Amino acid sequence: MSSGRTGRRFGPPPTRTDEMMMSPPQTTFELRPDHPILPEIKRILLEQVDLALYHLATPGLDEDKAVHEARKAFKRIRAMLRLVRDVIGEEDFASLNARFRDAGRALSSVRTSAVLGETLEKLRERYPDALSDAAMADVLARLRAHHEAMREEVALGQALLDQVANRVCAGRTQIENLPLSGNQFPASGLRRVYARGRRGLRSSQHEPSVANFHEWRKRVKYLRYHVRILIPAWPEVLTCLHQELVTLSELLGVDHDLAELHDTLSAHPELGLQNRDQGRLPGLIETYREELETRSFHIGRRIYVEKPGDFVRRTEGVWRVWRQESG
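For the record, in the sequence shown the residue sitting at position 5 is 4 according to numbering that gives the first Met the number 0, with numbers rising by one throughout.
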């Protein structure tokens with residue numbers, strides 16, 4: 000199947016034009032000091048929707064990359080929705096969160112199969128002498144063939160991307176109508192995300208299951224995006240916190256990808272090493288996962304050392320000082 004696309008597949012909202020969508024939309028994923036915070040969050044939401052639409056709808060883009068970039072935009076959108084959850088109300092939050100969650104899920108199987116080969120490459124880089132280059136190359140070739148089969152199975156191409164783009168367009172209209180005005184700091188949304196990330200750390204330490212680590216990772220990424228938009232308020236400190244959150248989410252991401260690789264090889268042993276080498280790859284995966292999880296706990300305990308209320312009061316205080324000094 001060709002990885003390029005040759006035509007537009009959906010009708011954009013009235014405020015957009017074909018010409019505008021031919022190049023990536025301009026995005027500023029941070030707050031500006033001379034604008035009220037809630038309209039700023041709406042701006043960020045709309046920019047991320049337009050970014051997702053660009054990747055879904057622009058002719059000629061690599062489809063695997065387009066899927067990856069669109070799904071990242073969906074995650075940023077869902078993070079921002081969580082920040083203003085109590086402002087917009089539960090009905091709008093639940094509706095929009097489900098819309099962008101389902102849009103991402105429609106593309107998830109293709110993305111997961113694409114990541115398997117990348118994950119094997121990371122495993123080879125970490126343990127370069129554990130397996131022969133020839134053996135790893137054979138597995139990599141089979142995983143790539145598996146990915147191509149998955150692309151065919153879900154019919155990645157015009158029809159699927161059409162469906163997702165139309166869902167996103169409807170979500171854009173709903174976001175435009177959200178009651179996001181004023182300059183009230185969304186403390187309750189930030190507190191909820193931080194508290195759930197803190198609980199995720201405890202759950203993963205108490206029971207280090209794939210499910211617990213996956214849930215913790217989602218909370219870490221939400222907080223990562225919240226801190227990211229606040230960096231201008233205190234760059235010297237918040238840049239460091241953001242980078243630690245990026246590192247933690249990446250460690251947990253590789254851990255999750257390794258678990259997916261392990262499950263895929265268990266379900267499809269014909270994809271893995273053959274003959275007497277067959278049991279070696281799962282062992283390497285488990286060893287690497289243990290290392291990543293140890294590093295994740297080391298960082299996570301420092302990020303989540305504060306009680307949620309203390310973290311939010313400090314963060315809101317920094318934001319208020321920044322606003323006053325910028326006024």
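Built from N, CA and C at the ideal position, the CB exists for glycine as well.
Bear in mind the structure is a predicted one, so any value in this text is a computation, not a measurement.
Along the segment 206-279, the alpha helix (DSSP H) occurs as fully enclosed runs of 4 or more residues at 209-229, 234-266, listed in sequence order.
For residue 33, no alpha helix (DSSP H) segment is defined, and its DSSP state is neither H nor E. Per DSSP, residue 305 is not a residue of any alpha helix (DSSP H), being assigned neither H nor E. C-alpha of residue 173 to C-alpha of residue 89: approximately 14 Å in a straight line. From the listed residues 31, 129, 38, the smallest Cα separation to residue 183 is found for 38. In its chain, beyond the 5 residues on either side, 226 have a beta carbon closer than 6 Å to the beta carbon of residue 240.
Across the set 56, 176, 29, 23, the C-alpha of 29 shows the shortest separation from the C-alpha of residue 318.
In this structure, the straight-line span from the alpha carbon of residue 191 to that of residue 307 is close to 8 Å. Straight through space, the alpha carbons of residue 112 and residue 171 are spaced by roughly 29 Å. For residue 95, the enclosing alpha helix (DSSP H) stretches over residues 89-104. Beyond the five residues adjoining it in sequence on each side, residue 270 comes within less than 8 Å, by CB distance, of 138, 141, 142, 145, 263, 264 in the same chain, given in chain order.
Taken through DSSP and simplified to helix, strand or coil, residue 184 comes out as coil. Between the segment 189-204 and the segment 125-132, the count of Cβ pairs shorter than 8 Å is below three; the stretches do not touch. By the Cβ test, the segment 198-214 is not in contact with the segment 96-108, since fewer than three Cβ pairs between them sit closer than 8 Å.
Judged by DSSP secondary structure, residue 129 falls outside any alpha helix (DSSP H); it is assigned neither H nor E.
Taking C-alpha positions only, residue 215 is separated from residue 135 by approximately 31 Å. For residue 119 against residue 283, the beta-carbon gap comes to about 10 Å, at or over 8 Å, which does not count as contact. Contact annotation: the segment 69-87 does not touch the segment 231-247, with fewer than three C-beta pairs closer than 8 Å.
When the five nearest sequence neighbours on each side are left out, the beta carbons in the same chain lying within less than 7 Å of the beta carbon of residue 73 are those of 51, 99, 102, 103, in order along the chain.
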